[in-house]
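Right, one structure below, let's go through it.
In our numbering, the protein residues as written are 64 to 158.
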């Protein structure tokens, strides 16, 4: 019955899997670029450290079997002093 078909299924996110694919940030404001580049490299380091415990890459490869539409997930924050707390909250959410 077509009225009972599933219209949308979410496999959630596969966090920290696409970090190596990003090029370094570019901007007219070098302070933003430096901070963004440092954040990208820090997240890549976190991904490498947590990979044995969480298996981000194997989760990503499993989800690819379903031919998902990939959409990036962005997080914005207003106070960079709280960035560490944000990172800890994200790690807790996925572990």
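Glycine included, each C-beta is placed from N, C-alpha and C at the ideal position.
Remember, predicted model here, so these are calculated numbers, not experimental data.
Enumerate in chain order the residues of its own chain whose CB-to-CB distance from residue i is below 7 Å, with the five nearest sequence positions on each side excluded.
i: residue 146; result: 140
i: residue 122; result: 77
In the DSSP assignment, find the alpha helix (DSSP H) that holds residue i and state where it starts and stops.
i: residue 122; result: 119 to 127
Quick one: using the 10 Å Cβ neighbour count with 16 as the cut-off for buried, is residue i buried or exposed?
i: residue 78; result: buried
Check each candidate in the options and name the one with the smallest Cα separation from residue i.
i: residue 74; options: 150, 130, 113, 101; result: 130
i: residue 118; options: 103, 138, 76; result: 76
i: residue 151; options: 101, 106, 127; result: 106
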